[in-house]
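J.:
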Amino acid sequence: MSKRAFIKLLAAFAAVVGLVAVGAVAPAQAQAQEQKRSRVGYTQVVVDPAVYSLIAGAGITPAAVGGAKAFAYKGTLAARFPITGYSLRQVRIKHSGGISLTAGDATISLRRFNIDLGRLKVSGKVAGSIGNVGRVDLFKIRRTDRPGLGLVKLTLTATAAGALNSTFGVNAFSAGDTFGYASPRPFGRF
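Residue numbering for the sequence shown is -32 to -1, 1 to 158, as defined by mature numbering (1 follows the signal peptide of the UniProt record, and there is no 0).
#1: Buried or exposed for Thr29, going by 16 or more other Cβ atoms inside 10 Å?
#2: Report the CB separation of Gly144 from Leu124 in whole angstroms; it is logged as a contact under 8 Å.
#3: Please look up how many angstroms separate the CB atoms of Val8 and Pro154, rounded, as I've assumed it's under 8 Å.
#4: So, does the segment 55 to 71 touch the segment 99 to 112, judging by three or more C-beta pairs under 8 Å?
#5: Which same chain residues, not among the five before or five after Arg60, have their C-beta less than 6 Å away from its C-beta?
#6: Grab me the residues of Ile98's own chain with a C-beta within less than 8 Å of its C-beta, minus the 5 sequence neighbours each way, in chain order.
#7: For Ala45 versus Val15, is the C-beta distance shorter than 8 Å?
#8: Since Pro30 is in the beta strand (DSSP E), which residue starts that stretch and which ends it?
#9: Where does Thr52 fall in DSSP's three states?
#10: Identify which residue in Thr146, Thr11 and Gly27 has its Cα closest to the Cα of Ala71.
#11: What residue does the beta strand (DSSP E) around Thr125 start on, and which one ends it?
#12: So what's Gly96 in DSSP terms, helix, strand or just coil?
#13: Could you check which residue in Val94, Val90, Ile23 and Ser151 has the C-alpha nearest to that of Gly118?
#14: If you draw a straight line from the C-alpha of Gly25 to the C-alpha of Phe147, how long is it?
#15: When DSSP labels each residue in this structure, what does Phe136 get in the three-state scheme?
#16: To the nearest angstrom, how far is it from the Cα of Pro17 to the Cα of Arg114?
#17: Quick check on Phe86: does DSSP put it in helix, strand or coil?
#18: So, helix, strand or coil for Gly148, using DSSP?
#19: Can you tell me which of Ile23, Ala31 and Gly96 puts its alpha carbon nearest to the alpha carbon of residue 205?
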């Protein structure tokens, strides 16, 4: 599948989410405007098993925050983040909740993720020992190589890798490394 076809597939997915959520007979004008719904499903993120081993081996403890849920999944960790809204115009899916990573006094929290299908990126609000960074691009969305873990692969951006390395005083994370896999479930029960 070409990158262009992949982008069209993701954009179509976002459009279907919006159409079903607002009703297929809603006026075209309403469909083009930003839509907001409370808890319209969730997105599940599964941490790559090698990354989970690295995190656990380094004594870093992950925890769900702000209404997210975390649980063991296929020998690794998964988290579910509630979908709180979407924008058809910007092809974006918004989430609440997040995850924190802590080792001793070092901590980083990643919250309020936005899946931006137009740019094939996931952004989030970052804060912790490194300070309040604000909203930054955390992951690039790629084709999955492990469909049993998620519909798409999430690779670290240079900003995310740098924040993780700075927070925990390591050089373990690099831009382009696989962090995990994501599966939006717009109609799933959270």
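Glycine residues also receive a C-beta, built at the ideal position from the N, C-alpha and C atoms.
Bear in mind the structure is a predicted one, so any value in this text is a computation, not a measurement.
T.: So, from the data block:
#1: exposed
#2: 7 Å
#3: 6 Å
#4: no
#5: Asn82 and Asp84
#6: Ile76, Ala131, Ser134 and Thr135
#7: Note that residue 45 is Leu in the sequence shown, not Ala. The answer is yes: Cβ separation under 8 Å.
#8: Thr29 to Val33
#9: strand
#10: Gly27
#11: Taken as a continuous stretch (DSSP letters only), Thr125 belongs to no beta strand (DSSP E), as it is neither H nor E.
#12: strand
#13: Ser151
#14: 16 Å
#15: helix
#16: 11 Å
#17: Just to set this straight, residue 86 is Gly in the shown sequence, not Phe. Note: Gly86 maps to coil in three-state DSSP.
#18: strand
#19: The chain is shown from -32 up to 158; residue 205 falls before or after that span and cannot be answered.
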